[in-house]
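Its first residue numbered 2, the sequence shown is counted upward by one per residue in our numbering. Every residue, glycine too, gets a C-beta built ideally from N, C-alpha and C. Notes for the one structure printed next.
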Amino acid sequence: METTGTGQAEPAVIRSYVAIGDSLTEGLDDPAPDGGYRGFADRLADHLGAAASGAGSGFRYANLAVRGRRVRHIFGEQLEQTLGFAPDLVTVHAGGNDVLRPTTNLDTLAAEFEAGVRRLRGAGIRVVILSGHDTGWVPVLRVYRGRIAVFSMHLRAIAERTASDIVDLWSLGALNDPRAWSVDRLHFNAAGHAIVAARIAELLGSPMGPPELWSRPWETPPERLPRILRRRENWRWARHHLVPWLGRRALGRSSGDGRLPKRPEMRELVESAAAVEEAEAAGAVDAAELTESARAPEPAEPAAASGALDLPESVEAPDAFTAATERHEADRLDPR
């Protein structure tokens, strides 16, 4: 089971929701019409807002997530603001920027995470935790697979001990498909965010549609390129995404420096239920959108440098370092 149950009487209709976390909760790489990012949290909020409106109730939503944030930030400033809002529901996706630092002690990190969740639960807030996802399909990133798995097991235990809900992204097979991911291989694209939103909605008892929306969004397997083309794509990825991240790490910078949350206030959604239903009817969260999103071009600047790995927006690494890293990664990115 992916949900442990909350152990408390939950509201029949969720009337307020706060999303806390890092770049994935902020919405990278799911472009919104206004030039910003939408993401699974905004998609879920739209859906819950439509349900609340249909029940004759208003719906309020805040998204406090900021790219590059670590657990100490999320269960620091974001937590304090969330407690002040006293929402019915909080989703938490946190830890990616910590787990990918080899010196981070995962047991200590989990204890800090649990302390934050306990404060939310102590305030009577329903908490949905999102686990880490499997990076085994991504060359280079698969080296972090063991650490992500260990931390995800910590999160399952935390959910059980705190009577929280958990969405197990690791076992969500659709996320092992490249069509769910941005060109940077670090952030969900529109299809990936729609899958995650649909899975959370299902857990909350307010499904967006049939389970196939999140369990089997594509009828065909992903295209597998010839090995030489895979190596070329991997080399390009290392040059444009991996090397700049290493440069930022060397400089001690964060992609979230100076950024503010996109929805820092708990406000009522202006979208009407009719508008959301119209969007869903047009395929906003159905399998047709998932397929089309996978084929659509990425945004002109897909935040390749600003997500779960805290990538830089523009950091030039020393030429010798860049060249050596590119040669090394080109040789090892596709060992099969």
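Handout entry: Candidates Arg-44, Ile-15 and Asp-31: closest to Met-209 by CA position
Key = Arg-44
Practice task
Note the first and the last residue of the continuous alpha helix (DSSP H) segment covering Asp-352.
Solution key: The structure shown has nothing for residue 352, since the chain only spans 2 to 337.
Handout entry: Test item: CB-CB of Asp-166 and Pro-223 under 8 Å
Key = no
Problem - Glu-27 beta carbon less than 8 Å from that of Arg-68 - result: yes
Practice task
Return the first residue and the last residue of the beta strand (DSSP E) that Glu-266 is part of.
Solution key: 264 to 269
Problem - Proximity winner among Asp-108, Asn-98, Thr-221 and Ile-159, relative to Ile-130 (alpha-carbon distances) - result: Ile-159
Handout entry: Beta-carbon proximity check, Asp-349 vs Phe-189, cutoff 8 Å
Key = Missing from the structure shown is residue 349; the chain here goes from 2 to 337 and no further.
Handout entry: Residues bridged to Phe-189 [DSSP beta-bridge criterion]
Key = Trp-182
Practice task
Helix, strand or coil for Ile-229, going by three-state DSSP, please let me know.
Solution key: helix
Handout entry: Strand pairing of Ala-63, partner residues [DSSP]
Key = Val-19
Handout entry: Test item: CB-CB of Ile-21 and Ala-66 under 8 Å
Key = yes
Problem - Short Cβ contact (8 Å threshold) for Ser-17 with Asp-89 - result: yes
Handout entry: Nearest residue (CA-CA) to Arg-200, options Arg-73, Pro-103 and Gly-174
Key = Gly-174
Problem - Strand pairing of Val-168, partner residues [DSSP] - result: Leu-131
Exercise for the section: State the beta-bridge partners of Pro-32 as determined by DSSP. Expected result: Tyr-38
Exercise for the section: My understanding is that Ala-56 touches Val-14, with C-beta atoms under 8 Å, so please give their C-beta distance in whole angstroms. Expected result: 5 Å
Handout entry: Residue environment, Asp-335, which counts as buried when at least 16 other CB atoms sit within 10 Å
Key = Reliability fails at Asp-335, whose pLDDT of 40 lies under 50, so the model's placement of it is uncertain and no value is given.
Practice task
Please classify Thr-92: does DSSP put it in a helix, a strand, or coil?
Solution key: strand
Handout entry: Proximity winner among Pro-103, Val-168 and Leu-187, relative to Thr-136 (alpha-carbon distances)
Key = Leu-187
Exercise for the section: Quick one: residues in its chain with C-beta nearer than 8 Å to the C-beta of Thr-105, no 5 flanking neighbours on either side, listed in chain order? Expected result: Asp-99
Problem - Helix, strand or coil at Pro-212 [DSSP, three-state] - result: coil
Handout entry: Inter-residue CB distance, Leu-29 and Tyr-38 (contact presumed, cutoff 8 Å)
Key = 5 Å
Practice task
Give the secondary structure of Ser-58 by DSSP, where H, G and I count as helix, E and B as strand, and everything else as coil.
Solution key: coil
Practice task
Measure the C-alpha to C-alpha separation of Leu-176 and Pro-218 and round it to an integer number of angstroms.
Solution key: 10 Å
Problem - Pro-103 versus Gly-147 - alpha carbon distance - result: 11 Å
Handout entry: Burial state of Arg-122, where buried means 16 or more other Cβ atoms lie within 10 Å
Key = buried
Handout entry: For Ala-46 and Arg-268, the rounded distance between their alpha carbons
Key = 12 Å
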